[in-house]
Structure formats: C-alpha cells, structure tokens
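Just so we're aligned, residue 0 is where the sequence shown starts under numbering that gives the first Met the number 0, counting upward by one.
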Amino acid sequence: MPHAIYVTTAEATDRSSAVKMVENAKANLSEVKNILVDAGYTGENFATQIKAIIGATVEVIKRSELHTFVVLPKRWVVERSFAWLEKCRRLWKNCERKLNTSLQMIVLSFISLCYEDFKQVLRTLE
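Next comes the structure, spelled out in structure tokens:
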C-alpha cells in the first residue's frame, strides 16, 4: 500500500500535486527519509519544499541517456505498482464525477492487490 494517495483534476501539475499530497499526509510520512522521483520532479524548489514539510531528501532517478531499455531498480518499484493498478478495470477510464470516488477506487484496488498477496501466502503455509 502506498503511504499517501492524492487525486487531482487534469490541469494540476504533478509537481504541485505532490507537494500538496505530502502536506496532507504529513503525519503518515514522518518516518520517510528519502523520496524517489522521476525527472519530471527535478529542481531545487520541489526538493526544498519537500525538505521543509517532512525533512526528507528528494532523489531523482533518471532514465539512461542511451535510448535503450534499462531496468532502474528504484524506479521499478513505482512502475510495478502502476502495472498492478492497471489490472483493475475500474481504473482504466475515469468515470467518476467526484475526486473522492476516484480516490476510494484506488484504495479499494490496492486492498484487492494486498488480499490476493495474502491468499497466496496462506496457500504456501498449507
């Protein structure tokens, strides 16, 4: 499960939304020391804002300069989570009228993923 989820309208930028998410979830993020981001979050201003809110450093994971596919282990964690969410048909299209409904659908999808993992663990214990 993610430490924080924040759903916005399409016109909000990822960078400003990430700052708002961290502000909203500050209590849940007190133990976070480092935040991994992609190249879209570069810049001192973003890193400074995150540092001021929760005291965490921001580490930018950049793609390979070569135009070949390379698995970046730290980035793979986030991409893997997105791939798992894409299995949930309800999230393929945004049919919700309210942002809170979209947020709850994301939470339910993660709960479903955790439940499937839990069932798999139980099967190995039998």
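Where a beta carbon is used, it is the ideal one built from N, C-alpha and C, also for glycine.
Note that the coordinates shown come from a computational prediction; the quantities given were computed from them, not determined experimentally.
Do residue i and residue j have their C-beta atoms within less than 8 Å of each other?
i: Val-6; j: Ser-101; result: yes
i: Val-106; j: Ile-34; result: no
For a test of the three-state rule: what should DSSP assign to residue i, helix, strand or coil?
i: Ile-34; result: strand
i: Glu-10; result: coil
i: Glu-125; result: coil
i: Val-69; result: coil
i: Thr-41; result: coil
Taking all protein chains shown into account, decide if residue i is buried (16 or more other Cβ within 10 angstroms of its Cβ) or exposed.
i: Ile-110; result: exposed
i: Ala-51; result: exposed
i: Tyr-114; result: exposed
i: Val-18; result: buried
i: Leu-28; result: buried
Roughly how far, in whole angstroms, is the beta-carbon of residue i from the beta-carbon of residue j, given that I think they are within contact range, below 8 Å?
i: Ala-24; j: His-2; result: 7 Å
i: Val-31; j: Ala-46; result: Contact doesn't hold; Cβ gap of about 14 Å is too wide.
Tell me, please, whether the CB atom of residue i is closer than 8 Å to any CB atom in chain B?
i: Val-70; result: In the structure shown, chain B cannot be found, because there is only a single protein chain.
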